[in-house]
Amino acid sequence: MKKKQLDILKIGIFLLGISALIFAVIATHWYYKLNREYREISSTQFYSYCNRDVIVISAYSYLKDVKVFDENGSLICKFDLIRKNSDEICKTNKYGIFLVVSGDLKKVTICENNIIIPLPQ
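Using our numbering, the final residue of the sequence shown is 123, and nothing's skipped along the way.
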């Protein structure tokens, strides 16, 4: 009778070891996937966003000849150089869709008039 209990104990320990191995493989896969996605996000050259009618361009690398165009293709702003890890601002004086161009890279930035109207009390 003791022999059967020992066999069940060995099988239980074996199954726990297999589950720990599967967990380690899943955790390692998740870590490398997350690390790869983080590197892909940070590898972009710049990021642009709009606050009211001002476009902010954040450079993650040195950018040369940066231009901002409105929806009609008119040049709004031009920067000869934006240094790495720095920002530039471009006052648009209007709302709409703008195109930020740096070399081959183009990014669309939307400026909206987000006026907050308080609710009557």
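C-beta atoms are modelled at their ideal positions from N, C-alpha and C, and glycine is treated no differently.
- Distance from the Cα of S88 is smallest, within the candidate group L107, L11, L101, A61, for A61.
- Residue nearest to Q47 within the set I84, G19, L17 is I84 (criterion: CA-CA distance).
- Runs of the beta strand (DSSP E) lying entirely within the segment 85-120 and spanning at least 3 residues, in chain order: 89-93, 98-104, 107-113.
- Counting along the chain, S60 sits inside the beta strand (DSSP E) bounded by residues 56-61.
- Under the 10 Å beta carbon count, S21 is surrounded by fewer than 16 other beta carbons and is classified as exposed.
- For Y49, the enclosing beta strand (DSSP E) begins and ends at 48-53.
- Taken atom to atom, the span from the alpha-carbon of Y49 to that of S63 is near 11 Å.
- In the three-state reduction of the DSSP assignment, D72 falls in the coil class.
- For K93, same chain residues with a beta-carbon under 6 Å away, outside a window of 5 residues either side, are V56 in chain order.
- By the neighbour-count definition (other C-beta atoms within 10 Å, threshold 16), S104 is a buried residue.
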